[in-house]
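A short write-up of the structure that comes next.
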Amino acid sequence: MDIFFSDSRAKHLALTKGLDTWRTAHPKTNMKNVLLLIWIIGLPLTNLAQHAAPPQPPGSAFYSAQHPEHPPFPVNRFPELPLYEVEPKVYVVDDRSVDYSPDMMMMTSSEGPPVPGGGGVGQQQSPPILSPHSSTLGLTSLWINISPNPPTNFFLDVFNTTLGVRYGIGAKNSIDSDPFNTLSLVNVFEATASTQRLAGAASSPMRFYRAVNLDQYSGARVQIVSPAPGSTVSGDVPLEVAVTDILPLFTVEVFVGEILAGSIQPGQGGRITIPSYWFANGPQEIGVSVVNEGTLVDTDGDGVADSPSTIQSWASVSVTFSNEVYMTSFSHLYSAAGSIILDYVTIAPRTYAFEVFTLNGELLYTLSGASSDGNINPQWNFTNLSGQPVNDSAYVFSLTTDPQGGGGLAAAAGRRAIRSTNFFDRGVTVGKYVISYGEWPRQDLNNSMSAMNHAVSTRANIAALNDDDIIGPNREAHGTIRLDRSSDPYRIRKATQTNDLATLKNALADPQTGSWLWEGHAGAHGMIRGGDPIYLEVYLTPGEVAGLLGNSFNWPYSATNFVYNRRLHVTVNTGCTTLNGLFPAAVGTPRGVKQEGNPWIKKSAFVGFATTSQAGQTKTEWTVFMHDYWIDGGDYDSLLKTGVDLANLEYPEVVEWQPGVIGYRFLPYNGAGSR
Amino acid sequence: MAAGCNRLSLFTLQWSGKQVRKAVTIIVLVAGVAAIVFRTQQNKDGANIAPIPAPKPVTDAAASSERQSSSRFVSIDAEDPEFVQHVLPVVREFFATLGRAGVNPLTGELQFNKVQIHRGHNGTTCRFLIGDTWTATVYTGKKFSGVMHFGERGPDNPFRAISGANTNALIRLSERAIKMPQAEAEQIIECIANAFAINRNKFERPEIYPEQMFQYDLGMYTAQYRKKGSDPINRINFPITLSIRATSSTGAVLVMYSDSGEVK
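Sequence lines, in order, name chains A and B. Residue 781 is where the first sequence starts when you use my numbering, and the numbers rise one by one after that. Residue 286 is where the second sequence starts when you use my numbering, and the numbers rise one by one after that.
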């Protein structure tokens, strides 16, 4: 497939390729400013047309008026449209009537070129081959240009490169603005000149290219297109997000404050609606978190990139929410202990009907009444219409309100409904003692060890259920307490049975606070041991970690597939990008579940790094210092976060790895028998 | 996997005669990217991404004792010159600040117990108890000197009760809690922020909320200051957090203060 200049479609694709390329290469382009300036000073394009250029000499550059932020093209794609010379051999094409939508871009060659202004034909002649040229119009940052390399290949010139700096070429085959339509990194080079020429095969399906300075790359560029900063919004608020990246995306999540309000999926075009009435009126911050697949990094210091490490980016916008009725305690995850009281506020007196449904739509509970002092606080005791206890993992809450004193059409017009689907922390599973065992060279020994440990595990679990030292003095505080009868011994390779047994027992000894420290690299699919000999070495997936902690964690790893039968605990995993990965969710600290200030959820915490970390003495010492302060500081009721803050002060080189804490700030660790 | 390799063959550099040595470097880099794409694809496919961990015996006894013995905190006397000369002035300034804001929970002579100190590369960390029910950590260093944590300790520590969902403690604490309107709490917190000279321009609007667990209201409010534009999920982005407990409908004392020393 020849993507260049063999027909009019190819030329058009090449143009859009160039347009797309510029967006990344010039995040702060001044070309747009130049054109804007032209317009602002009273020289609209219609006037400039009077100065339309004579036939353009070879080596000219043609900018798009519709997309001035994109790079110039070496040929005028639309000779029928007005053309303006802004400096010698530099032109602007008034292509504002051209449809650059993705559908138009993906036409086959037989369909012809895009139709500017509803008519016209595409250019048929072969374009000139441009020699590399310096930046134009004062453009000084990185940009690329495309020119044909007959008969079937093309050149891609990268301008304004710096010698010795590493650059990447990203490519994609569609300019669809969906955030997940990111570029793929197809080439990496170290610049040997200020202009670097690369040759491409025109048969590639990749059509749109951008150059990226990899030495300065720190993740996706995220932009909230709407709503506008400072705006006042209500109801279902349309949100649009634009993402530029050279790596495939894992997730695009939307937050209001610290609470997850939604997740943008591929194909949504970066758009989602935010139910603003789930949140209190007044100033709110809408944030977007983007996590990409990352790259392989060297985690063991051997100079070989060996483990994937995700990269998180963040953007936010401040707005004001204004609704007649709203929630003040929305959470994706509530506690199922005892009963639940939901908090709604109304700015004027209203009558209400409150209903609870299962996820299958079965009505479990209904309550009606009137607001009191602007508050509506329905309570539900986790029972169905027959008064029998229910124990689902999630429910749908519905509050429908009408203005008080209204009637008929007026009431119907003022009716408001708030519905939310919420998940529940379902108490504590006791006795999840999973005895690990080593791997021996003889299968019969392994079989015997497995059988022995299974028996030990079962006995330990039964004993745990009845042991007040393990449960603690306040069983009722945990809600449902279950006995885990299914704990199978877990094999941890090459660790001795005795050591693993002792270590795991210690790690899980306190059902409320069992803390795990995993030093090593963590990815989505497993963890790799680190270099710290004093902590447990494991090789587990997030799903397995969830299981060990008593949670259920199934594919796909979304909120609907978690069941938090969890104890209170802290998990420390100092591997790369663990803060962005699946481990926080697996251990019961899902992103977006606000824990501080949330009276409904029992607490857990997770410590990790947001970016790539480097194994070695620094990380080990940072980790040990944090533990010295926090875990071994039980007499002092030390804060976990202060431990991390202190470690950061003491080892500032770790700060660029973005150490972080998700979850609650305080967790007692030195409970009886915790080690 | 094959697609990834094919993509890498998309471009070739055009070499000049002088670029041969550079070419070798770039070929190595491209090969590195090939490895990256290859390995990433492996990962996508669910294949193992690392060799089996090598054996590394870990004995629990050794682990515990090593962790214990490797603790860099050493106990010192409250009369130790280092504590008296370097830590105590910071503590006194802290309580003087609380006094100016009218929220000092401690009156009279302060009794310091269980003083531990750690001398680090960039500063000294000192943690200690005040009486039997208060705890504090002070850091004195090149970048920052001040109180990093001050709060209650023991069974009546409200954050211990909340984080442990300890119903007995929550009931006990809520029964003796004094309720205060949030608007009143916000005014008091504003006074504290002024006393500590917290630069509001560096933070988002502070998030202020009542401390509760289940239906138990502890009569406390917490204020969190987050760095402007930072990810609110990561607690590290909240350099300063403080909590007050109502002593009347219009008065309160500070019962928890946390400062990362990063920004004020």
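Backbone N, C-alpha and C define an ideal beta-carbon position, used for all residues, glycine too. This structure is a prediction, so every number in the text was calculated from the model and none was measured.
To the nearest angstrom, how far is it from the Cα of leucine 1116/A to the Cα of glycine 393/B? Per the sequence shown, the amino acid found at residue 1116/A is alanine instead of leucine. Whole-angstrom Cα-Cα distance: 45 Å.
Secondary structure at tyrosine 1114/A, three-state DSSP: helix, strand or coil? In the structure shown, the three-state DSSP call for tyrosine 1114/A is strand.
Out of Arg530/B, Arg357/B, Thr452/B and Lys428/B, which one is the CA nearest neighbour of isoleucine 493/B? Of the residues Arg530/B, Arg357/B, Thr452/B and Lys428/B, the one whose Cα lies closest to the Cα of isoleucine 493/B is Arg530/B.
Can you check whether the C-beta of isoleucine 1442/A is within less than 7 Å of a C-beta belonging to chain B? yes
Determine the direct distance from the alpha carbon of cysteine 1356/A to that of proline 1063/A, and round the result to whole angstroms. 34 Å
Is it true that the stretch 1426–1442 of chain A meets the stretch 1379–1399 of chain A, where meeting means three or more beta-carbon pairs spaced less than 8 Å apart? Because the criterion of three Cβ pairs below 8 Å is met, the stretch 1426–1442 of chain A and the stretch 1379–1399 of chain A touch.
What is the DSSP secondary structure of cysteine 411/B, counted as helix, strand or coil? In this structure, cysteine 411/B counts as strand in the three-state DSSP scheme.
Assuming isoleucine 228/B and valine 388/B make a contact with CB atoms under 8 Å, what is their CB distance in whole Å? Absent from the model: residue 228/B. The displayed extent of chain B is 286 to 549, so no value can be given.
Candidates Thr1201/A, Asn925/A and Leu943/A: which alpha carbon is nearest leucine 1040/A's? Thr1201/A
Taking 8 Å as the limit between beta carbons, can you name the residues of its chain near threonine 420/B, skipping five residues before and five after? Arg412, Phe413, Leu414, His434, Phe435, Gly436, Glu437 and Arg438
For a contact meaning CB atoms closer than 7 Å, what does valine 1415/A contact in chain B? According to the sequence as given, residue 1415/A is aspartate; it is not valine. Ordered by position in chain B, the residues that pass the 7 Å Cβ test against aspartate 1415/A are Lys399.
Where methionine 465/B meets chain A, residues with beta-carbon distance less than 8 Å: Near methionine 465/B there are no residues of chain A at all, since even the closest Cβ is about 16 Å away, more than 8 Å.
Considering only C-alpha positions, which residue in the set Glu865/A, Pro1046/A and Ile1054/A is nearest to phenylalanine 1007/A? A small fix is needed here, since residue 1007/A is proline in this sequence, not phenylalanine. The candidate whose alpha carbon is nearest that of proline 1007/A is Ile1054/A.
Whole angstroms is fine: what's the gap from serine 1096/A's alpha carbon to aspartate 1205/A's? 29 Å
Assuming contact is defined by CB atoms lying nearer than 7 Å, are threonine 1012/A and serine 1102/A in contact in what I supplied? yes
Alpha carbon to alpha carbon, what distance is there between leucine 861/A and phenylalanine 1059/A? 50 Å
Assign valine 1071/A to one of two classes, buried (16 or more other C-beta atoms within 10 Å of its C-beta) or exposed (fewer than that). buried
Any idea if leucine 1426/A is buried or exposed, counting beta-carbon neighbours within 10 angstroms, 16 or more meaning buried? buried
Whole-angstrom distance between glutamate 1104/A and leucine 917/A, CA atom to CA atom: Reliability fails at leucine 917/A, whose pLDDT of 26 lies under 50, so the model's placement of it is uncertain and the value that follows must be treated cautiously. Approximately 52 Å between the Cα atoms of the pair.
Only counting runs of 3 or more residues, tell me where the beta strand (DSSP E) segments fall wholly within the stretch 963–1023 of chain A, in order along the chain. The stretch 963–1023 of chain A contains, as complete beta strand (DSSP E) runs of 3+ residues, the segments 964–970, 976–981, 988–993 and 1001–1006 (chain order).
Would you decide whether glutamate 460/B is buried or exposed? Buried here means 16 or more other CB atoms lie within 10 Å of its CB. exposed
Out of Ile1381/A, Tyr1132/A, Thr1398/A and Val1021/A, which one is the CA nearest neighbour of phenylalanine 960/A? Considering only alpha carbons, the answer is Val1021/A.
Taking aspartate 995/A as the reference, which of Glu970/A, Asp1016/A, Val1017/A and Val1002/A has the closest Cα? Nearest of Glu970/A, Asp1016/A, Val1017/A and Val1002/A to aspartate 995/A, Cα basis: Glu970/A.
Evaluate serine 998/A with the Cβ neighbour count: other Cβ atoms within 10 Å of its Cβ, from every protein chain shown; 16 or more gives buried, anything less gives exposed. With fewer than 16 other Cβ atoms from the protein chains shown falling within 10 Å of its own Cβ, serine 998/A counts as exposed.
Reduced DSSP secondary structure (H/G/I, E/B, other) of isoleucine 493/B: strand
What separation, rounded to the nearest whole angstrom, lies between the Cα atoms of leucine 1281/A and phenylalanine 1342/A? Because leucine 1281/A carries a pLDDT of 43, less than 50, the predicted location of this residue cannot be relied on, and the following value inherits that uncertainty. When rounded, the distance between both Cα atoms is 27 Å.
For a test of the three-state rule: what should DSSP assign to glutamine 1159/A, helix, strand or coil? strand
Distance cutoff 7 Å, beta carbons only. Does isoleucine 275/B sit that close to anything in chain A? Outside the shown range of chain B, which is 286 to 549, sits residue 275/B, and nothing can be said about it.
Between the stretch 409–429 of chain B and chain A, which residues of the former have CB atoms less than 9 Å from a CB of the latter, in chain order? Thr410, Arg412, Phe413, Leu414, Thr420, Ala421, Thr422, Tyr424, Gly426, Lys428 and Phe429
DSSP has tyrosine 843/A in a bridge; who is on the other side? Val872/A
If we count the other Cβ atoms within 10 Å of its Cβ and call it buried at 16 or more, is leucine 1179/A buried or exposed? buried
Measuring from the CB of valine 968/A, is there a heavy atom of the ligand COA at a distance below 6 Å? The ligand COA is absent from the structure shown, which contains no ligand whatsoever.
CB leucine 503/B to CB proline 443/B, shorter than 7 Å? Less than 7 Å separates the beta-carbon of leucine 503/B from that of proline 443/B.
Nearest residue (CA-CA) to aspartate 1172/A, options Phe1446/A, Gly1141/A, Val1125/A and Arg1195/A: Looking at the Cα atoms, Gly1141/A is the closest of the given residues.
Restricting to Cα atoms, I'd like to know which of Pro524/B, Val375/B, Ala446/B and Pro390/B is closest to aspartate 1417/A. Ranked by Cα distance from aspartate 1417/A, the options Pro524/B, Val375/B, Ala446/B and Pro390/B are led by Ala446/B.
Reduced DSSP category for alanine 1390/A - H, G, I as helix; E, B as strand; rest coil: coil
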